[in-house]
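Per this note's numbering, residue 1 is the first one in the sequence shown, and the count goes up by one each step.
Reviewing the structure listed below.
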Amino acid sequence: MSVTRSFRRQSVLAASVPVALLLAAACDPPRRKSGEEAKVPEAPPVAPATAIPAGGLPPRVVPTESEPAITGTGEDAYRAGRFKEAKVLLAAELASRPEDAGRFHLLGLAAWKSGDWRAAEKAFDRAIALEPRGVRSYLGAARVLLDLGRSQEALERVEHAVRLDSTSVDAIRVQARAQAKLGHVDDAVASYRRALLLDEQDVWTLNNLGVLYLDLGDPDAALGPLARAVQLRPESPVFQNNLGVALEQDGYPLAARRAFEAAVRADSGYAKAVANLQRIGAVVTDSTREGPLSLAKVADLFRLEIGMWRDSAVKLEPIDSVAPLRPDSTPPRF
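Okay, here's the thing in structure tokens:
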């Protein structure tokens, strides 16, 4: 399916320099013209830059405790980031409180964040059975199913969440992720736009839309939402890293290096950003030439683009494929 580029930047950006200047001994950049010679110094092979959508664990992987100390409550452990310990505590607490939907939901989160996706799926399904109109548990289940590679089931869960609450930005964002995973690209773009019309400052929707454009091989379109995400949350290592990927692929190696540097400053343990900075730092210096670029203007243009959707009647519409539930309707069994 074809996807219309979200905005144009001809009036702001000059023509990009050859992308061949970006990478040393890594895979050929997607924008290099046929027959164009890469004029870069040799460097050891390294992994190409990657971008990260919302929905997984934080950038720095949380260590797994081998022998957790069982103290306090499961909620206390969860809030402290001790997810494996929280999972053990919550499971024990539920033995005497088997009808506590909220605790099952928290168990699902703890299991998911400790990497036990099967236990997370069971916990979220139990929470749904106990609280059939609980949007958050449908979303938790959908995120786990996406991690398990079961995208169609994930879409079914999240579509039910959207039926329950058609104004939930979280639900529409996860719906877009599932649609993209299934190859329904136009639907995914439409869902991300719908989420941004509900909340134009939702940084994870901005990030995910940018990553989707990167996956489609369109870094120019990715720059707008990613620059806006960084403008709103410059301290995020994920957003800075993903912006760096878009800049690198769009022919702005020096700006890309600076974005990777910002990501590493925000989290020195973020392995993807560290690898990207090491790779690009080997070939890009302060004297590297590139076209003029103002990320602030790119971000502002994208913000205005969202306003144009609204002003030109590209507004929220009923979601045809997921009609709202009637109050007396019965949720599906999972």
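Glycine residues also receive a C-beta, built at the ideal position from the N, C-alpha and C atoms.
Unbroken alpha helix (DSSP H) run spanning residue i, endpoints
i	result
Leu-301	295-311
His-105	101-113
His-160	151-164
Gly-74	74-79
Arg-118	117-130
Leu-139	135-147
Ala-95	No alpha helix (DSSP H) contains Ala-95, which DSSP labels as neither H nor E.
Arg-173	169-181
Assigned exposure category for residue i - 16 Cβ within 10 Å defines buried
i	result
Glu-248	buried
Val-284	buried
Ala-313	Low confidence applies here, because Ala-313 scores a pLDDT of 47, under 50, leaving its location unreliable; read the following figure in that light. Per the 10 Å Cβ criterion, exposed.
Pro-225	buried
Ala-92	exposed
Arg-97	exposed
Glu-121	buried
Gln-152	exposed
Leu-304	exposed
Thr-205	buried
Asn-268	For clarity, residue 268 is Ser in the given sequence; the question names Asn instead. Label assigned to Ser-268: exposed.
Ser-191	buried
Arg-60	Caution applies to Arg-60, whose pLDDT of 45 falls short of 50 and renders its modelled position unreliable; the model cannot decide the point.
Arg-79	exposed
Glu-99	exposed
Asp-250	buried
Arg-289	exposed
Gly-149	exposed
Gly-74	buried
Ala-178	buried
Gly-81	exposed
Gly-291	exposed
Under 7 angstroms between C-beta atoms of residue i and residue j
i	j	result
Asp-147	Val-169	no
Tyr-252	Leu-293	yes
Ala-141	Arg-126	no
Ala-266	Glu-235	yes
Val-298	Leu-223	yes
Leu-90	Ala-110	yes
Ala-414	Phe-239	Any answer about residue 414 is impossible in this case: the structure gives the chain only from 1 up to 334.
Ser-137	Ile-128	yes
Val-162	Ala-171	yes
Leu-196	Ile-306	yes
Integer-rounded CB distance, given that residue j should sit under 8 angstroms from residue i
i	j	result
Ala-259	Gly-244	3 angstroms
Leu-182	Leu-164	21 angstroms between Cβ atoms; not a contact.
Ala-227	Leu-295	5 angstroms
Tyr-270	Ala-262	In fact, because the Cβ distance is near 11 angstroms, the residues do not count as touching under 8 angstroms.
Leu-107	Lys-87	6 angstroms
Leu-130	Phe-104	7 angstroms
Ala-273	Pro-237	6 angstroms
Arg-193	Trp-117	Their Cβ separation, rounded to whole angstroms, is 30 angstroms, which puts Arg-193 and Trp-117 out of contact at 8 angstroms.
Gln-201	Leu-232	6 angstroms
Gly-210	Asn-241	At roughly 11 angstroms, the Cβ-Cβ gap does not stay under 8 angstroms, so Gly-210 and Asn-241 are not in contact.
Val-189	Arg-143	No, Val-189 and Arg-143 are not in contact; Cβ-Cβ is about 20 angstroms, not under 8 angstroms.
Beta carbon proximity, residue i to chain C, threshold 7 angstroms
i	result
Asp-267	Included in the structure is just one protein chain, with no chain C present.
Contact test: residue i Cβ vs the ligand SAM heavy atom, cutoff 6 angstroms
i	result
Ala-180	In terms of ligand content, the structure shown is empty, and the ligand SAM therefore cannot be addressed.
- Task: Run through the segment 249-296 for me and flag every whole alpha helix (DSSP H) of 4 or more residues, listed as ranges in chain order.
- Result: 253-266, 271-281
- Sequence ranges, alpha helix (DSSP H) only - wholly within the segment 188-242, length at least 4: 203-215, 219-232
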